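Undergrad: Attaching a single structure in structure tokens format; questions to follow.
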Amino acid sequence: MDRYDVVVIGAGIGGLICGIYLANAGLKVCIIEKNANVGGYCASFTRNNYKFDIGVHYLGGIKKGLLGKILEELDLKDRIQFNQFDPADKIIIDGKKIYIRADPKETIKEFIINFPKQKDNIEKFFSFIMENNFAQIYKKVSGLTFRNLLDSFFDDYELKTMIEGLTYNIGISAKFVAAITAVILYKEYLLDPGYYPIGGMQNFPDALANKFEQNGGKIVLNKEVENIFIQNKKVKGVKLTTGELINSKILISNVDANHTFKKLLNKVNSKGYNLLKKLYISPSLFVVYLGLKENLTNLTNETCNIWSFDNPIQDSYFSNLKKNLKNIPFVMVSFPSAHEYREEDKISNKSTMQIFQFAPFESKRFWEGSKDLMYQKTIERVEKILPGLKDEIKISVLATPFTFYKYTYSKNGAAFGWLSTIDQLKSTIFPWKSEISNLFFVGHWVTTGEGQGGISKVIFSARKIAMLILHEIRQKK
Ligand SMILES: Cc1cc2nc3c(=O)[nH]c(=O)nc-3n(C[C@H](O)[C@H](O)[C@H](O)COP(=O)(O)OP(=O)(O)OC[C@H]3O[C@@H](n4cnc5c(N)ncnc54)[C@H](O)[C@@H]3O)c2cc1C
Numbered sequence: 141m142d143r144y145d146v147v148v149i150g151a152g153i154g155g156l157i158c159g160i161y162l163a164n165a166g167l168k169v170c171i172i173e174k175n176a177n178v179g180g181y182c183a184s185f186t187r188n189n190y191k192f193d194i195g196v197h198y199l200g201g202i203k204k205g206l207l208g209k210i211l212e213e214l215d216l217k218d219r220i221q222f223n224q225f226d227p228a229d230k231i232i233i234d235g236k237k238i239y240i241r242a243d244p245k246e247t248i249k250e251f252i253i254n255f256p257k258q259k260d261n262i263e264k265f266f267s268f269i270m271e272n273n274f275a276q277i278y279k280k281v282s283g284l285t286f287r288n289l290l291d292s293f294f295d296d297y298e299l300k301t302m303i304e305g306l307t308y309n310i311g312i313s314a315k316f317v318a319a320i321t322a323v324i325l326y327k328e329y330l331l332d333p334g335y336y337p338i339g340g341m342q343n344f345p346d347a348l349a350n351k352f353e354q355n356g357g358k359i360v361l362n363k364e365v366e367n368i369f370i371q372n373k374k375v376k377g378v379k380l381t382t383g384e385l386i387n388s389k390i391l392i393s394n395v396d397a398n399h400t401f402k403k404l405l406n407k408v409n410s411k412g413y414n415l416l417k418k419l420y421i422s423p424s425l426f427v428v429y430l431g432l433k434e435n436l437t438n439l440t441n442e443t444c445n446i447w448s449f450d451n452p453i454q455d456s457y458f459s460n461l462k463k464n465l466k467n468i469p470f471v472m473v474s475f476p477s478a479h480e481y482r483e484e485d486k487i488s489n490k491s492t493m494q495i496f497q498f499a500p501f502e503s504k505r506f507w508e509g510s511k512d513l514m515y516q517k518t519i520e521r522v523e524k525i526l527p528g529l530k531d532e533i534k535i536s537v538l539a540t541p542f543t544f545y546k547y548t549y550s551k552n553g554a555a556f557g558w559l560s561t562i563d564q565l566k567s568t569i570f571p572w573k574s575e576i577s578n579l580f581f582v583g584h585w586v587t588t589g590e591g592q593g594g595i596s597k598v599i600f601s602a603r604k605i606a607m608l609i610l611h612e613i614r615q616k617k
């Protein structure tokens, strides 16, 4: 039986960052990952020499935000480089379009050009987001939804709709998302948006894994944890599906809380287990990955993410996901291959696209019967914004919510962990620490007080949790 100070279950970005901090502090750490690659939803895969990203298609905050700070703190800045694509996003509703640019001043101009009568309100709104710190914003928006906040700045419905669009980045509409979560998301996506790792998204988790191993950490790939074993309410280690036992003083789960309590802990009677039924999870996605016959420039010269909505954006979108299968009201299109190259060798003949829309979790059988139709409808929908797409497709790969579930064991293939409603923010709702002694959680299944926000929130939780664990260890000595 191997013995470690810490075992981390899952090599998602949360598990990797937390692992690096703990290994840096001199602990003997092992990360166990069931897949062949590290990265979880931030990993990539290759099909017919085309490289696709499973989930993450862009990152924010490398120059001015938390991700940049953490990469510097972990001495990773030289190991992984990013292209910043500008503009980062284009939001299209009914022919009206707004670009989100690398320079926030240019983004504000975009809004003012499109909505000149709202100039003052636009400036007030953006300065509220940009000039206040977390504590100031929290004081003003606590208890509000993002819609409540927008109503306090604007009365122009169309403008509000344009601003609301980006909350789809975390799978929730403005009517339900906590204002604090949306404002933090906007800070990241407006102030310093549009980063993509040179060489491909997989390079990001790979760089983290190399750093972890260089600091003495061990990564075990292609091995699945079957059970966590506990004795006298204290964790002792894990059992793998291969039957191997790994002993550890501390255990950190980077895995969905549902999977951790129901499967790995065998429904142990605990606060965490009893909470599961009460909490809402984020929705999953139907994703179309496309490899193109020719270079992307045949189709478009714009390579920013496109967020295309039917007008009006329906508040009921997320509760009607099954109905949306027949009539697709929203798609997000991104172009990973366009961003992975250095300026000097930007041309690729393996151009790729990722198209996503939200979708209901249904059985494998349901998706076997529905996915081809959904693919066809998705391509028809994207043809409206990228005419000629159909003729450019060489290969396509489809992922349903069932695929996402199988890949990470996230309940129903949830893409962003817990849903970021006002009721599900507090750090005490689903805390980093369980009542089982020495069992901790990291990643988008931990509530930190701010709501979820993809990678930036995951790394925030990972750093915080590593610091708290190290603090506890020091106190016990
Ligand atoms: C399609 C899609 C697009 C997205 N786009 C973006 C984006 O552009 N930007 C952004 O910031 N965020 C994006 N997100 C969200 C972001 O990917 C996630 O919030 C983040 O990657 C979650 O990281 P994590 O470490 O918490 O968990 P995960 O990535 O879920 O990692 C958990 C890991 O645990 C492993 N595991 C599970 N069970 C076991 C077991 N029993 N034994 C061993 N290993 C196990 C899994 O295989 C997995 O590798 C997207 C998500 C999706 C699905």
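Position 165, counted from 1, in the sequence shown is what the working numbering calls 305; the numbers after and before it change by one each time, with no gaps.
Just so it is clear, CB atoms sit at the ideal spot from N, CA and C, and this is done for glycine as well.
Fair warning: this is a prediction, and the values are worked out from it, not measured in the lab.
For Lys376, collect the residues of the same chain with a Cβ closer than 6 Å to its Cβ; drop the 5 residues on either side in sequence, then sort them by chain order.
TA: Here residue 376 refers to the residue found at position 236 of the sequence shown. The residues are Phe369.
Undergrad: State the beta-bridge partners of Tyr336 as determined by DSSP.
TA: Position 196 of the sequence shown, counted from the start, is the residue given in the question as residue 336. Its beta-bridge partners are Asn223.
Undergrad: According to the neighbour-count rule (16 or more other Cβ atoms, all chains shown, within 10 Å of its Cβ), is Phe274 buried or exposed?
TA: One-based indexing of the sequence shown puts residue 274 at position 134. Phe274 comes out exposed.
Undergrad: Decide if Asp400 is buried, meaning its Cβ has at least 16 other Cβ atoms within 10 Å, or exposed.
TA: Here residue 400 corresponds to residue number 260 of the sequence shown, with the count starting at 1. Correcting the residue identity first, residue 400 is Thr in this sequence and not Asp. Classification for Thr400: buried.
Undergrad: Buried or exposed: which applies to His479, given that a residue is buried once 16 or more other Cβ atoms fall within 10 Å of its Cβ?
TA: Within the sequence shown, numbered from 1, the residue matching residue 479 stands at position 339. Classification of His479: buried, given that the 10 Å Cβ count is 16 or more.
Undergrad: Measure the beta-carbon distance from Lys389 to Asp145 and round it to whole angstroms, keeping in mind my assumption that it falls under 8 Å.
TA: The residue labelled residue 389 in the question sits at position 249 within the sequence shown. The residue labelled residue 145 in the question sits at position 5 within the sequence shown. That belief holds up - the Cβ atoms of Lys389 and Asp145 are roughly 5 Å apart, short of 8 Å.
Undergrad: Figure out for me which residue from Gly383, Leu162, Ser596 and Tyr549 has the closest Cα to the Cα of Lys403.
TA: On the sequence shown, position 263 is the one that residue 403 refers to. Taking only the C-alpha atoms, the option nearest Lys403 is Tyr549.
Undergrad: If you count every other CB in all the chains shown that lies within 10 Å of the CB of Asp396, and 16 or more means buried, which is it?
TA: For the purposes of this step, residue 396 is identified with residue 256 of the sequence shown, where counting begins at 1. The residue is buried, with at least 16 neighbouring Cβ atoms inside 10 Å.
Undergrad: In chain order, which continuous runs of the alpha helix (DSSP H) of length 4 or greater are located wholly inside the region 316 to 397?
TA: Whole alpha helix (DSSP H) segments, 4+ residues: 319 to 331 and 343 to 354.
Undergrad: With DSSP as the reference, identify every bridge partner of Ser626, one or two as the case may be.
TA: Missing from the structure shown is residue 626; the chain here goes from 141 to 617 and no further.
Undergrad: Shortest alpha-carbon distance to Lys358 belongs to which of Leu425, Leu167 and Gly509?
TA: Locating residue 358 in the sequence shown gives position 218, counting from the first residue. Nearest of Leu425, Leu167 and Gly509 to Lys358, Cα basis: Leu167.
Undergrad: In this structure, how does DSSP classify Ala242 when only helix, strand and coil are distinguished?
TA: What you label residue 242 is simply residue 102 of the sequence shown in a count that begins at 1. Here Ala242 sits in coil by DSSP.
Undergrad: Please confirm whether any heavy atom of ligand 1 lies closer than 7 Å to the CB of Gly154.
TA: Position 14 of the sequence shown holds residue 154. Yes, since a heavy atom of ligand 1 falls inside the 7 Å radius drawn around the Cβ of Gly154.
Undergrad: Hey, which unbroken runs of the beta strand (DSSP E) at 3 residues or more fall wholly within the region 441 to 508?
TA: List check, beta strand (DSSP E) in window: 445 to 449, 470 to 474 and 492 to 499.
Undergrad: Flag Lys300 as yes when its Cβ comes closer than 7 Å to any non-hydrogen atom of ligand 1, and as no otherwise.
TA: Mapped onto the sequence shown, residue 300 falls at position 160. No, ligand 1 has no heavy atom inside 7 Å of this Cβ.
Undergrad: Does Ser510 come out as helix, strand or coil in the three-state DSSP assignment?
TA: Here the question's residue 510 lines up with position 370 in the sequence shown. Looking at Ser510 - three-state DSSP - the assignment turns out to be helix.
Undergrad: Within the region 575 to 613, note down every full beta strand (DSSP E) run reaching 3 residues or more, in order along the chain.
TA: Those beta strand (DSSP E) runs which fall completely within the region 575 to 613 and span 3+ residues are 579 to 581.
Undergrad: Give the straight-line distance between the Cα atoms of Asp142 and Lys379, rounded to the nearest whole angstrom.
TA: Against the sequence shown, residue 142 aligns to sequence position 2. Against the sequence shown, residue 379 aligns to sequence position 239. Going from the Cα of Asp142 to the Cα of Lys379 covers about 11 Å.
Undergrad: Just the Cα atoms here: how many angstroms apart are Leu419 and Glu434?
TA: The count along the sequence shown starts at 1 and reaches residue 419 at position 279. The count along the sequence shown starts at 1 and reaches residue 434 at position 294. Roughly 46 Å between the two C-alpha positions.
Undergrad: Only counting the same chain, and skipping five residues up and downstream in sequence, which positions put a Cβ closer than 8 Å to that of Ser577?
TA: On the sequence shown, residue 577 is found 437 positions in, with the first residue counted as 1. Lys373, Lys374 and Val375.
Undergrad: May I ask you to check if the CB of Gly357 is nearer than 7 Å to at least one heavy atom of ligand 1?
TA: Translated into positions along the sequence shown, residue 357 becomes position 217. No, the Cβ of Gly357 stays beyond 7 Å of every heavy atom of ligand 1.
Undergrad: Let's see if you can read the secondary structure: which residues bound the beta strand (DSSP E) around Gly431?
TA: Taking the first residue of the sequence shown as position 1, residue 431 is located at position 291. Per DSSP, Gly431 belongs to the beta strand (DSSP E) from Ser424 to Leu432.
Undergrad: CB Ile303 to CB Val148, shorter than 8 Å?
TA: Residue 303 sits at position 163 when you count from the first residue of the sequence shown. Residue 148 sits at position 8 when you count from the first residue of the sequence shown. Cβ atoms of Ile303 and Val148: not closer than 8 Å.
Undergrad: Taking only the alpha-carbon atoms, compute the straight-line gap between Leu306 and Ala555 and give it to the nearest angstrom.
TA: Indexing the sequence shown from 1 puts residue 306 at position 166. Indexing the sequence shown from 1 puts residue 555 at position 415. Each residue's Cα considered, the two are about 15 Å apart.
Undergrad: Quick one: is the Cβ of Gly195 within less than 7 Å of any heavy atom of ligand 1?
TA: One-based indexing of the sequence shown puts residue 195 at position 55. Yes, ligand 1 has a heavy atom inside 7 Å of this Cβ.
Undergrad: Whole-angstrom Cβ separation of Ser422 and Gly557, contact assumed at under 8 Å?
TA: In the sequence shown, counting from the first residue as 1, residue 422 sits at position 282. In the sequence shown, counting from the first residue as 1, residue 557 sits at position 417. Yes, they are in contact, since the Cβ atoms of Ser422 and Gly557 sit about 6 Å apart, within 8 Å.
Undergrad: Distance, Cα to Cα, Gly179 vs Lys259?
TA: Within the sequence shown, residue 179 is the residue found at index 39, counting from 1. Within the sequence shown, residue 259 is the residue found at index 119, counting from 1. Their Cα atoms are separated by approximately 42 Å.
Undergrad: Report buried or exposed for Ile338, applying the criterion of at least 16 other Cβ atoms within 10 angstroms of its Cβ.
TA: Here residue 338 refers to the residue found at position 198 when the sequence shown is read from its first residue. Exposed, by the Cβ-count rule.
Undergrad: Please classify Ile269: does DSSP put it in a helix, a strand, or coil?
TA: Within the sequence shown, the letter at position 129 stands for residue 269. It is helical.
Undergrad: Got a sec? Which residues, its chain only, sit under 6 Å from Arg187 by beta carbon, not counting five neighbours each side?
TA: Here the question's residue 187 lines up with position 47 in the sequence shown. Cβ neighbours of Arg187 beyond the five flanking positions: Val537.
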